[in-house]
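Student: Position one of the sequence shown corresponds to residue 0 (numbering that gives the first Met the number 0), numbered consecutively onward.
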Amino acid sequence: MTLKERFDTFSVPEYYSRVDTDHILELYIGLDEKGRKSIELRSAFNPRKVKGTSAIEVNQYDNQKYKTIRFSLTDEEISGLFYTFCDDLIEQTRELTDEKGGYNAIVVRFHQWKKMFVSSKKDFLNEAQIMGLIGELLFLRDQLSKRIGLPEALRSWSGQELTHKDFSYGDTWTEVKTIRRSSLTVHISSLEQLDSEHDGELAVYALEKMSTEYNGITLNKLIVDIRNRFSDSDDRDLFMSKVALQGYEYHNYYDDFVFELIYSKNFRVNDTFPKLIPGDVPEAILKATYDIDLNKITDFEIKD
Numbered sequence: 000m001t002l003k004e005r006f007d008t009f010s011v012p013e014y015y016s017r018v019d020t021d022h023i024l025e026l027y028i029g030l031d032e033k034g035r036k037s038i039e040l041r042s043a044f045n046p047r048k049v050k051g052t053s054a055i056e057v058n059q060y061d062n063q064k065y066k067t068i069r070f071s072l073t074d075e076e077i078s079g080l081f082y083t084f085c086d087d088l089i090e091q092t093r094e095l096t097d098e099k100g101g102y103n104a105i106v107v108r109f110h111q112w113k114k115m116f117v118s119s120k121k122d123f124l125n126e127a128q129i130m131g132l133i134g135e136l137l138f139l140r141d142q143l144s145k146r147i148g149l150p151e152a153l154r155s156w157s158g159q160e161l162t163h164k165d166f167s168y169g170d171t172w173t174e175v176k177t178i179r180r181s182s183l184t185v186h187i188s189s190l191e192q193l194d195s196e197h198d199g200e201l202a203v204y205a206l207e208k209m210s211t212e213y214n215g216i217t218l219n220k221l222i223v224d225i226r227n228r229f230s231d232s233d234d235r236d237l238f239m240s241k242v243a244l245q246g247y248e249y250h251n252y253y254d255d256f257v258f259e260l261i262y263s264k265n266f267r268v269n270d271t272f273p274k275l276i277p278g279d280v281p282e283a284i285l286k287a288t289y290d291i292d293l294n295k296i297t298d299f300e301i302k303d
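1) Assess, as a yes-or-no matter, whether the stretch 124-137 is touched by the stretch 75-90 under the definition of 3 or more beta carbon pairs within less than 8 Å.
2) Within 10 angstroms of the Cβ of Val-11, are there 16 or more other Cβ atoms? Answer buried if so, exposed if not.
3) Take Val-106 and list the residues in its own chain whose beta-carbon comes closer than 8 Å to its own, dropping the five residues that flank it on each side.
4) Comparing C-alpha positions only, which one of Asn-62, Asn-103 and Gly-34 sits nearest to Glu-56?
5) Any contact of the stretch 278-287 with the stretch 242-255, i.e. 3+ C-beta pairs under 8 Å?
6) Along the chain, where does the alpha helix (DSSP H) containing Phe-138 start, and where does it finish?
7) To which residues does DSSP link Tyr-339 through a beta bridge?
8) Are there three or more Cβ pairs, one per stretch, closer than 8 Å when the stretch 218-231 is compared with the stretch 142-158?
9) For Thr-217, count neighbouring C-beta atoms within 10 Å of its own C-beta (all shown protein chains included) and say buried if the count is 16 or more, exposed if not.
10) Where do the N-terminal and C-terminal ends of the alpha helix (DSSP H) with Leu-80 fall, by residue?
11) For Gln-59, name the three-state secondary structure that DSSP assigns.
12) My assumption, with CB atoms under 8 Å, is that Ser-155 sits in contact with Glu-98. Please give the rounded CB distance.
13) Are there 16 or more other CB atoms within 10 angstroms of the CB of Ser-118, so buried, or fewer, so exposed?
14) Buried or exposed, going by whether 16 or more other CB atoms sit within 10 Å of the CB of Arg-146?
15) Looking at the secondary structure, which residues open and close the alpha helix (DSSP H) in which Asp-292 lies?
16) DSSP state of Gly-100, grouped into three classes?
17) Quick one: what does DSSP say Arg-35 is sitting in, helix, strand or coil?
18) Just to confirm, are Leu-2 and Glu-13 a CB contact at a threshold of 8 Å?
19) Only counting the same chain, and skipping five residues up and downstream in sequence, which positions put a Cβ closer than 7 Å to that of Ser-188?
20) When the Cα atoms are used, what is the spatial distance from Cys-85 to Ile-301?
21) Would you report the Cα separation of Phe-238 and Asp-224, rounded to the nearest angstrom?
22) Within this structure, are the beta carbons of Phe-166 and Leu-143 separated by less than 8 Å?
23) Going by alpha carbons, who is nearest to His-186 out of Gly-199, Asp-141, Leu-244 and Ala-127?
24) Beta-carbon within less than 7 Å of Met-209's beta-carbon, same chain only, minus the 5 sequence neighbours each way: which residues are those?
25) Work out the CA separation of Arg-140 and Val-268 for me, nearest whole Å.
26) If we require 3 or more residues per run, which beta strand (DSSP E) segments fall completely within the stretch 152-235?
27) Is it true that the CB of Ile-261 sits closer than 8 Å to the CB of Glu-207?
28) Rounding to the nearest angstrom, what Cα-Cα distance links Asp-21 and Asn-219 in this structure?
29) Between Leu-132 and the ligand FAD, is the CB less than 7 Å from at least one heavy atom?
30) Considering only their Cβ atoms, is the gap separating Ser-78 from Lys-36 smaller than 8 Å?
31) Report back the beta-carbon spacing between His-197 and Thr-177 to the nearest angstrom; my notes put them in contact at under 8 Å.
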C-alpha cells in the first residue's frame, strides 16, 4: 500500500499509525487535530527551532513518555509533493544505526525539501510550456550530466535567463526543442537562436501525451527526481530557483499532463546547417521566426 493509499484510509483527526514497525525510528503518519495530513517523529531529543513554510506547519511537543516533531500539510494542492517528502524521510533514515540521530536527520531532510513547500499558485504553465521544460530537463539529466557532470550541467542551463541558447558549456552550446510525436518540424523563434561563432547542437525531443493513468513522464516527478540527484544543498537550491524562473511551482495540476518519450535526436549545427542568422538577412529585418523540416536535416544527425 502506498503512502497516499494509507493516508486515504484516515478519517479521524488525531489518529496516527506507525509507518513501519521494523524501522529504527518511531515515525507515524495520520491526521493532526485540524484533520491535516501529517508525519511525526516520536523520540527523545533536544528540540531546536524549526521554522515551517506557507505549506508545511512544523510543531514540536513534549509529554512524559517522548517528544514529538510533526510536519502538517496546510495546502492540499501539493499533497503529491507531501507524499514524496514523507517517503523520503522514511527511506533516508531507514539505515540509521542509532535512533538518537533520528531527530537531526529528520530536520536536515526537511531543510533540504523546504524551498519546494510553498503555497500553490493558480497561474500554471500551459501544455506547450510544460513540454518545453520537460525537454530541457531530460537533456540536462540524461545527456549533458553524463558529459560534464550534473552540477556543471545545471550551471550551463540558462533557464529563463537573457541568453539565446538553452545550454552553454565550454566552447559549445545546445538548443533544445520539444515537439509532439506527429510533428515533422521544429520552430526556431529568433535569428539568434542558432547563431554562434562555435558549432553547437540542436536536441529534439518528441513526446506523446498519455492518459493520467499511464506511468509516464510528468513535470512534478521529473523535477523531484533531478532535485534529489544533487548531493549539495546549494545545487538543489540553484536548480529549484531555475525551474521557478520558468514559472514552475509544485502543484497537483501538473500530474494531469503525462507524456511518453518517443525519441530524442541530436543534430550538429555548423556553418552548413540550414538556418537563418542576423548576417544572412537584410538589415531592415530585425526579427524572424521559421520552421525547420526534420526530414531535410538527417545528414546533420549525430549518431552514437
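For each residue, glycine too, the CB sits at the ideal point set by N, CA and C.
Tutor: Judging by the given coordinates:
1) no
2) Stepping through the sequence shown from its first residue, residue 11 is reached at position 12. It counts as exposed.
3) As a position in the sequence shown, residue 106 is number 107, starting the count at 1. For Val-106, where only same-chain residues beyond five positions count, the Cβ hits under 8 Å are Arg-47, Val-49 and Ile-68.
4) Looking up residue 56 in the sequence shown gives position 57. Measuring from the Cα of Glu-56, the nearest candidate turns out to be Gly-34.
5) At 8 Å Cβ cutoff, the stretches do not touch.
6) Residue numbering aside, residue 138 sits at position 139 when the sequence shown is read from its first letter. Unbroken alpha helix (DSSP H) run through Phe-138: 126-138.
7) The structure shown has nothing for residue 339, since the chain only spans 0 to 303.
8) yes
9) Position 218 of the sequence shown, counting from 1, holds the residue named residue 217. Thr-217 comes out buried.
10) If you number the sequence shown from 1, residue 80 lands on position 81. Unbroken alpha helix (DSSP H) run through Leu-80: 78-91.
11) As a working note, residue 59 is residue 60 in the sequence shown. Gln-59 falls in the strand class under three-state DSSP.
12) The sequence position of residue 155 within the sequence shown is 156, counting from 1. The sequence position of residue 98 within the sequence shown is 99, counting from 1. About 42 Å separates the two Cβ atoms, so there is no contact after all.
13) Here residue 118 is taken as the residue at index 119 of the sequence shown, counted from 1. By the 10 Å Cβ count, Ser-118 comes out exposed.
14) Within the sequence shown, residue 146 is the residue found at index 147, counting from 1. Per the 10 Å Cβ criterion, exposed.
15) As a first step, residue 292 must be located in the sequence shown, where it is residue number 293. Segment 289-292 is the beta strand (DSSP E) holding Asp-292; no alpha helix (DSSP H) there.
16) If you number the sequence shown from 1, residue 100 lands on position 101. Three-state result, Gly-100: helix.
17) Mapped onto the sequence shown, residue 35 falls at position 36. The answer is coil: DSSP assigns Arg-35 none of H, G, I, E or B.
18) By one-based count along the sequence shown, residue 2 stands at place 3. By one-based count along the sequence shown, residue 13 stands at place 14. No; because the gap between Cβ atoms is not below 8 Å, this pair is not in contact.
19) By 1-based counting over the sequence shown, the position of residue 188 is 189. Result list for Ser-188: Thr-288, in chain order.
20) Your numbering for residue 85 matches position 86 in the sequence shown. Your numbering for residue 301 matches position 302 in the sequence shown. One Cα belongs to Cys-85, the other to Ile-301, and the distance between them is close to 42 Å.
21) Numbered from 1 along the sequence shown, position 239 holds the residue referred to as residue 238. Numbered from 1 along the sequence shown, position 225 holds the residue referred to as residue 224. Between Phe-238 and Asp-224, the C-alpha separation is close to 12 Å.
22) Here the question's residue 166 lines up with position 167 in the sequence shown. Here the question's residue 143 lines up with position 144 in the sequence shown. For Phe-166 and Leu-143, yes; Cβs fall inside 8 Å.
23) Against the sequence shown, residue 186 aligns to sequence position 187. With distances taken between Cα atoms, His-186 lies closest to Ala-127.
24) Position 210 of the sequence shown holds residue 209. Closer than 7 Å at the Cβ level, and outside the excluded window around Met-209, lie Gly-215, Val-257, Phe-258 and Glu-259.
25) In the sequence shown, the residue the question calls residue 268 occupies position 269. In the sequence shown, the residue the question calls residue 140 occupies position 141. Val-268 and Arg-140: Cα-Cα distance of roughly 22 Å.
26) Every beta strand (DSSP E) of 3 residues or more that sits fully in the stretch 152-235 is shown, in chain order, as 166-168, 171-179, 184-187 and 199-209.
27) Translated into positions along the sequence shown, residue 207 becomes position 208. Translated into positions along the sequence shown, residue 261 becomes position 262. Yes; because the gap between Cβ atoms is below 8 Å, this pair is in contact.
28) The residue given as residue 21 occupies position 22 in the sequence shown. The residue given as residue 219 occupies position 220 in the sequence shown. The alpha-carbon atoms of Asp-21 and Asn-219 are separated by roughly 30 Å.
29) Among the components of this structure there are no ligands whatsoever, and the ligand FAD is therefore not found.
30) Sequence index remark: in the sequence shown, residue 36 carries index 37 (1-based). Sequence index remark: in the sequence shown, residue 78 carries index 79 (1-based). In contact: Lys-36 and Ser-78 (Cβ atoms closer than 8 Å).
31) For this step, residue 197 is matched to residue 198 along the sequence shown. For this step, residue 177 is matched to residue 178 along the sequence shown. In fact, because the Cβ distance is near 24 Å, the residues do not count as touching under 8 Å.
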